[in-house]
Amino acid sequence: MKSSNLAAQSDIEIERKRLTSLINSMADGVIALDQKGRVIVSNGAVMNLLDINVTLTEKPIAEYIKLYDKNKKLVDFRLLLSSVKTVTTSRDYSLKYDDGSIVNLYISIAPVHSGFGQNAGQGYVMLLRDITHEKSLEDERNEFISVVSHELRTPIAIAEGNIGNAQFIVDKTGDILQVKIALSKAYEQITFLANMINDLSTLSRAQRNKLTLDVEPINAYELINELQNSYQSDAEKKHLTVSSVIDPHLELLYSSKLYVKEILQNFITNSLKYTESGGITIYAKPKNSGILFAIEDTGIGISKNDQKKVFDKFFRSEDYRTRQSTGTGLGLYITAKLAKLINAQITLESELNKGSIFNIFVPNLKPQKP
Ligand code: ADP
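Now the structure itself:
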């Protein structure tokens, strides 16, 4: 009898160890709680998620989990737990760490009945998962859908109407001049759509690559020369000049070459677009641990009021000279997003009818481990 008891006990022990190693190998946080919300079992993923290094066993979980709801209000966890009657899941909570960073959480809480007879009691099993990345993809998808439905509709309708007109004219009068006018209006709208789709794909690529930023040594001198050459012919068409002033003491810059180039290209394209006489100058000089770039133009300038808005999504100045050129109003919005990804800071100085200077300080980033 005694030996069979021992055997049963060691079976229980083996079973317990198996269970512990099973939940410890899970990527999601798992916590079993008793009726009062004290931890019975939890795994390593919970400690990681809550960013703590004390064992939680027998401690009240409410003291360790600082949950915020979607309105950024601190949740009373004890109250939340006592309100759970059936399996409850949510993707709307977030955790805030001491350094201010936030992660979005998927939480599932299931009430469980444990023990029998006198020991019978209710407890809970909780599952926690970091869904920050999925959430940001969701936000991006929602943004994309709203852009598609609001901003692409009008040009598509105009292009469609004009192509329809062209077909009608061919059938009825065959007036080739009218057909040409209708087609060129449609073409203009399709070009606008193509530009917007390019902008949107840059945006979504930037969001996707957020976690894997490619930091590489950049020779700013070569980069500026390359840019200067590639914009030369566009500038000449408008009788504008493109020059550069590069400090001879520049060192290699460690950052994302793709983003630095894209940012500078956006500034240069705008400067060429919004300048009618004179030209643009590209500057680069060392600053702190990084490089300060500037794109200066002698263009139409930006009013004080508009300066606050130029980095907003879809903002285009009401100035008639802006309206003479086509644009999506996404260029600077994307530029600001890319700048954020590489910790760069943009400042703008501008005076209406005199010109603008877009400064961007790009700091050296640590090369990432392979
Ligand atoms: P887009 O050029 O497609 O309209 P952007 O986001 O690149 O969109 O720029 C937003 C607005 O900021 C422009 O419509 C224009 O009014 C203003 N802007 C940007 N760059 C300049 C510049 N160099 N000079 C004058 N205005 C500018």
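In my numbering, each residue carries its 1-based index in the sequence shown increased by 420.
Quick reminder that beta carbons are idealized off the backbone N, C-alpha and C, glycines included.
Here Ser-424 is exposed, its C-beta having fewer than 16 other C-beta atoms within 10 Å. In this structure, the alpha-carbon of Leu-672 lies about 15 Å from that of Lys-681. Not one heavy atom of the ligand ADP falls within 7 Å of the beta-carbon of Ile-589.
When the beta-carbon positions are compared, Tyr-703 and Asp-732 stay at least 8 Å from each other. In this structure, the ligand ADP has a non-hydrogen atom nearer than 7 Å to the beta-carbon of Val-730. In the displayed model, His-533 falls within a strand according to three-state DSSP. The C-alpha of Ser-604 lies about 19 Å from the C-alpha of Arg-573. About 17 Å separates the CB atoms of Ile-638 and Thr-755; that is not less than 8 Å, and the two are not in contact. Note: Ser-510 is bridge-paired with Ile-527 in the DSSP secondary-structure output.
When DSSP reads this structure, Val-461 sits in a beta bridge with Ala-452. Here Ile-688 really is in contact with Leu-647; their C-beta atoms are around 6 Å apart, less than 8 Å. Residue pairing by DSSP places Glu-636 opposite Ser-675 in a beta bridge. Three or more beta-carbon pairs separated by less than 8 Å link the segment 483-492 to the segment 506-524, which places the two stretches in contact.
Distance between Leu-761 and Asn-690, taken at the CA atoms: about 21 Å.
In this structure, Tyr-641 has its beta carbon at no less than 7 Å from each heavy atom of the ligand ADP. Spanning the alpha carbons of Thr-701 and Leu-557 requires a straight line of approximately 38 Å. Relative to the ligand ADP, Tyr-694 has its C-beta within less than 7 Å of a heavy atom. In the assembly as shown, Asn-649 is an exposed residue. Its beta-carbon has fewer than 16 other beta-carbons within 10 Å. In terms of CA proximity to Asn-773, Ser-697 leads the group Ser-697, Ala-764 and Ser-430.
Contact between Leu-476 and Gly-449 does not hold, since the beta-carbon distance rounds to 10 Å and is not under 8 Å. For Leu-712, the enclosing beta strand (DSSP E) has its first and last residue at 710-717. The Cβ atoms of Gly-721 and Ser-676 do not sit closer than 8 Å to each other. Membership of Tyr-753 in the alpha helix (DSSP H) is indicated by the continuous run 751-761. In this structure, the straight-line span from the alpha carbon of Ser-709 to that of Lys-757 is close to 21 Å.
The Cβ atoms of Gly-719 and Thr-746 do not sit closer than 8 Å to each other. Tyr-674 places its beta carbon 8 Å or farther from that of Asn-763. In this structure, Asp-717 has its beta carbon less than 7 Å from a heavy atom of the ligand ADP. The Cβ-Cβ distance between Lys-479 and Val-459 falls below 8 Å.
Beta-bridge partners of Pro-706 (DSSP): Ile-711. Counting along the chain, the unbroken alpha helix (DSSP H) around Ile-578 starts and ends at 573-592.
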